[in-house]
Amino acid sequence: MEPILTAASRERALLVNRYAMPFAVMTVCLGVILGTPEGWTGRISFGLLVFGAFFNLAANRYLESAKGSTSSFIKSRIWVNLACNAAIVWMLGGYWTPAWLLLALSPLATAIYSTAGETMSVSMIVAVFILVRYGLHAHGGTPLEWGEQACYGAFVVLSSLMINALVRQKTEQPSR
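In terms of my numbering, the sequence shown opens at residue 1 and continues consecutively.
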């Protein structure tokens, strides 16, 4: 299967940012305000959010003006966002349960731009991260809690693969 990184990648990247960034901002702000994290956790989480917002706004400007291929930049952007979101979830997740949703954003973006294999890889990394983070923070955990974490990971993997298949189906259909 060919990657989906085509001339439409630039427009897709702009659209992903239009919807993912407000969600990330809302999730982190609510987590910091309502979760009342202790110590530097809230400040660092907010700082990563601000960095991510500026990074993505700058990325949008670059993508709007870029003349050549943007595929490597878009892939790098996915990994930068995933690293920031993982750090936020690592710190803020114990105070604000919905923080894990930030981890779904990068695999969903990968699903829009990339192959099914790359989508599976990124989403599996996220699913494993969810379980590892829980295992290190939960001090054992009940079967119910482990089942919840497994469902979060399965959601990330399966929804990303579904989006990838839908995008692929749309791009492979002949125009009328």
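Cβ coordinates follow ideal geometry from the N, Cα and C atoms, glycine included.
Computed from a predicted structure; not experimentally measured.
A straight line joining the alpha-carbon of Arg-77 with that of Gly-140 spans about 35 Å. Note on geometry: alpha-carbon atoms of Trp-96 and Ala-66 lie some 38 Å from one another. Inter-residue distance for Met-21 and Gly-93 is about 18 Å (C-alpha atoms, whole angstroms). Assigned with DSSP and collapsed to three states, Pro-22 falls in helix. Per the coordinates, the alpha-carbon of Ala-109 lies some 7 Å from the alpha-carbon of Val-16.
Close CB contacts of Ser-160 within its chain, under the 6 Å cut and outside five residues either way in sequence, are with Pro-107, Leu-108, Ala-111, Thr-119, Ser-123 (chain order). In this structure, DSSP gives Trp-40 a state outside helix and strand, which the three-state scheme calls coil. Contact between Val-89 and Leu-105 does not hold, since the beta-carbon distance rounds to 11 Å and is not under 8 Å.
Closest in alpha carbon position to Ala-83, among Leu-30, Arg-61, Ile-125, is Ile-125. Sequence-distant partners of Met-91 (beyond 5 residues in either direction) whose C-beta falls short of 8 Å from its own C-beta, in its chain, are Pro-37, Thr-41, Ile-44, Ser-45. For the pair Asn-56 and Asn-81, the CB atoms are nearer than the 9 Å cut-off. Closest in alpha carbon position to Ala-87, among Thr-70, Ile-130, Tyr-62, is Ile-130.
Taking the CA atoms as reference points, Leu-49 sits about 8 Å from Ala-24. Counting along the chain, the unbroken alpha helix (DSSP H) around Ser-72 starts and ends at 71-92.
In this structure, Ala-127 and Gly-147 do not form a Cβ contact; the two beta carbons are roughly 14 Å apart against a cut-off of 8 Å.
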